[in-house]
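Numbering (the numbering used here), first residue to last: 734 to 876.
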């Protein structure tokens with residue numbers, strides 16, 4: 734997490750957001766394990782990155798579609814632009830928020846916190862400070 738988020742916020746200088754999602758913990762675990770299995774297979778059989786068919790967004794969608802009961806498009810032009818990817822999740826009601834889209838983007842932006850956290854052991858805790866849901870305590874119930 735420190736590597737994935739820290740590289741984007743501190744080196745590449747991207748804005749990064751951390752959203753809660755509407756999903757059962759079993760589905761979240763299944764998607765995560767599916768991603769890990771695929772990453773492990775890439776060590777044995779590397780793949781070429783493809784801006785349209787094999788990018789970060791299309792790969793996330795592929796994993797989520799395997800386990801989700803929500804109809805998620807296999808491909809969308811928005812998958813080509815990382816800054817629009819959260820809009821897809823918002824419109825599909827995947828993001829667990831009662832905020833409007835722009836408010837949610839602002840509220841869940843963790844860039845400054847990640848830059849402040851640096852390489853510390855408490856990185857994960859720092860980037861989550863203040864991200865409790867507006868509508869309930871569901872972040873706490875997922876643990």
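Beta carbons: idealized from backbone N, C-alpha and C, even for Gly.
Since the structure is predicted, the reported quantities are computational estimates derived from the model, not experimental observations.
- Distance between residue 807 and residue 835, taken at the CA atoms: about 25 Å.
- Within the same chain, 828 come within 6 Å of residue 822 by CB-CB distance, once the 5 residues on both sides are set aside.
- DSSP, reduced to helix, strand and coil, places residue 754 within a strand of the structure shown.
- In this structure residue 734 is in contact with residue 857, their Cβ atoms being roughly 6 Å apart against a cut-off of 8 Å.
- In this structure, 795 is the residue among 826, 795 and 801 with its C-alpha nearest to the C-alpha of residue 812.
- It is roughly 31 Å from the alpha-carbon of residue 756 to the alpha-carbon of residue 778.
- Looking at 853, 847 and 837, the one whose alpha-carbon comes closest to that of residue 753 is 837.
- Counting C-beta pairs with one atom in each stretch, the stretch 845-865 and the stretch 762-778 have fewer than three that are closer than 8 Å, which means they do not touch.
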